[in-house]
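All letters in the sequence shown, in the order written, are residues 1 to 51 by the numbering used here.
Backbone N, C-alpha and C fix where the C-beta goes; we use that ideal spot for every residue, glycine too.
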Amino acid sequence: MMRTDHGPTNLAALRTLAINALRLAGHPNIAAGLRQHTRTPQLPLATLGLT
């Protein structure tokens with residue numbers, strides 16, 4: 001059985017992970033970093049060290 005009552009908390013944790021990963025990667029502008037990572041499919045994995 002899947003629990004759905006923790007959805008907003010889980011999404012907030014993922015958002016925080018993404019923002020902190022961009023900061024650690026040296027992006028001074030989070031919005032620009034998100035746009036750059038959206039255009040290049042392998043870049044988020046590389047930023048997290050998963051490739």
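Straight-line gap, N10 to N20 (C-alpha atoms, nearest Å): 15 Å
Residue burial classification, G33 (beta-carbon count within 10 angstroms, cutoff 16): buried
Pairwise C-alpha distance: N29 and L50: 23 Å
Helix, strand or coil at L22 [DSSP, three-state]: helix
CA nearest to the CA of H52, picked from T4, D5, P44: No statement about residue 52 is possible, as the shown extent of the chain runs from 1 to 51 and does not include it.
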